[in-house]
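Undergrad: Mapping the sequence shown onto our numbering, position 250 (from 1) lands on 250, and the numbers just tick up by one.
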Amino acid sequence: MDRPALGDLEAFLAIVSHRSFRKAADELGLSPSSLSHMMRALEKRMGVRLINRTTRSVAPTEAGERLAARLGPALSGLDQALETVDAWRGGPSGTLRINTNEHAARRLLKEIVPTFLSRYPDMALDLVSDGRFIDIVADGFDAGIRLRESVPQDMIAVPFGGTTRFLAIASPSYLERRGVPKVPDDLLGHDCIRLRLPSGKLYRWEFEKHGEEVAIDVPGALMLDHIGLMAEAAAGGLGIAYVHELVAAPFLASGALVAVLSDWCPEIDGLCLFYPGHRHVPAGLKAFIELLREHDRRGKLG
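1) Is Cys-192 closer than 7 Å to Gly-239 when the C-beta atoms are compared?
2) Please report the residue range of the alpha helix (DSSP H) in which Tyr-174 lies.
3) To which residues of the same chain is Leu-67 closer than 7 Å at the C-beta, ignoring the five residues directly before and after it?
4) To the nearest angstrom, report how far apart Leu-167 and Arg-97 are at their CA atoms.
5) Three-state secondary structure (DSSP) at Gly-302?
6) Taking the straight line between their C-alpha atoms, what separation do you get for Glu-290 and Thr-54?
7) Whose CA, out of Ser-57, Pro-250, Asp-130, lies closest to the CA of Ser-199?
8) Name the DSSP beta bridge partners of Tyr-275, please?
9) Name the one or two DSSP bridge partners that Lys-209 has.
10) Once you ignore the five residues that flank Lys-209 on each side, which residues in its own chain have a CB closer than 7 Å to its CB?
11) Can you check DSSP and say which residues form a bridge with Phe-166?
12) Looking only at its chain, what residues have a beta carbon closer than 7 Å to the beta carbon of Ile-134, apart from the 5 residues adjacent to it on each side?
13) Figure out for me which residue from Leu-147, Val-16, Gly-64, Pro-32 has the closest Cα to the Cα of Arg-22.
14) In the DSSP output, what is Asn-101 paired with across the bridge?
15) Does Ile-227 come out as helix, strand or coil in the three-state DSSP assignment?
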């Protein structure tokens, strides 16, 4: 049997990981038809079917499963071997793909990203901030960044930036007109600016005080899918919004908005970078994690 090309084996692993020719092709920068041709050639060279294809699904055969199980660690070991030359070459190289949301991306762009790209000139950073909760492995990302409560339990989480909290906010004119809510249940008598999550569901506002937890399905005629727009709408007197404190901060500082129910808005665990523990951690991701920790130690992300 002729030895398969390394690129063909990497393409095979991508298909097995994604269970999709289209997603694997996107990750590899190929067309689905080219990838399909590569797999047919690989199967012909090896003399055995590796992948079962139907109109609805893609899955490895038993032979494909066994090959993938041995091939994954082998290619990971090869990556590690190649990374041993980084110290002589001057540092990590390649592209680091991170999925996050707009809020976290803005924080990273202030200090982390400029330092990372300056320190590691052979690295490129692909920062996707569409806000969707996705499977970072299936979608070809090296890592994700979300609030700690949203990190999947099977991932390794690296906290950074300290604690955070969400605030209920409204304009002074609205509160003068409608009154100030004293407890979360008072929101049921107010106009609230509601958040539609990427899943399509409406977010229930969550409060806590002295161990008492309350989740309110608030009323409101205005629904938005962007917390920055929610803060702007609240500043325009359209109702009460519930947003991250960093989004609210400039409006609070200018007096365009004031916080309500502050004693019901406790601090929560902040942002985490997360990645799968069963995979080899690329040198670029290791460098990015160390930079997050370095900035935390200096207090720059508080």
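All residues carry an ideal CB built from backbone N, CA and C; glycine is no exception.
TA: Let me lay it out:
1) Position 239 of the sequence shown, counted from the start, is the residue given in the question as residue 239. Position 192 of the sequence shown, counted from the start, is the residue given in the question as residue 192. Closer than 7 Å, so yes.
2) Locating residue 174 in the sequence shown gives position 174, where the first residue counts as 1. Taken as a continuous stretch (DSSP letters only), the alpha helix (DSSP H) holding Tyr-174 covers 172-178.
3) Against the sequence shown, residue 67 aligns to sequence position 67. Same-chain partners within the cutoff: Leu-50.
4) As a working note, residue 167 is residue 167 in the sequence shown. As a working note, residue 97 is residue 97 in the sequence shown. Each residue's Cα considered, the two are about 31 Å apart.
5) Residue numbering aside, residue 302 sits at position 302 when the sequence shown is read from its first letter. Low confidence applies here, because Gly-302 scores a pLDDT of 48, under 50, leaving its location unreliable; read the following figure in that light. If DSSP states are grouped into helix, strand and coil, Gly-302 belongs with coil.
6) Within the sequence shown, the letter at position 290 stands for residue 290. Within the sequence shown, the letter at position 54 stands for residue 54. Distance between the alpha carbons of Glu-290 and Thr-54: 43 Å.
7) For this step, residue 199 is matched to residue 199 along the sequence shown. Measuring from the Cα of Ser-199, the nearest candidate turns out to be Asp-130.
8) Residue 275 sits at position 275 when you count from the first residue of the sequence shown. Paired residues: Ile-156.
9) Translated into positions along the sequence shown, residue 209 becomes position 209. Answer by DSSP bridge pairing, in chain order: Glu-212.
10) What you label residue 209 is simply residue 209 of the sequence shown in a count that begins at 1. Asp-263, Trp-264.
11) The count along the sequence shown starts at 1 and reaches residue 166 at position 166. Answer is His-244.
12) On the sequence shown, position 134 is the one that residue 134 refers to. So the list reads Asn-99, once near-sequence residues are dropped.
13) Stepping through the sequence shown from its first residue, residue 22 is reached at position 22. Arg-22 has its Cα closest to that of Pro-32, out of Leu-147, Val-16, Gly-64, Pro-32.
14) For this step, residue 101 is matched to residue 101 along the sequence shown. DSSP lists no partner for Asn-101.
15) On the sequence shown, residue 227 is found 227 positions in, with the first residue counted as 1. Note: Ile-227 maps to helix in three-state DSSP.
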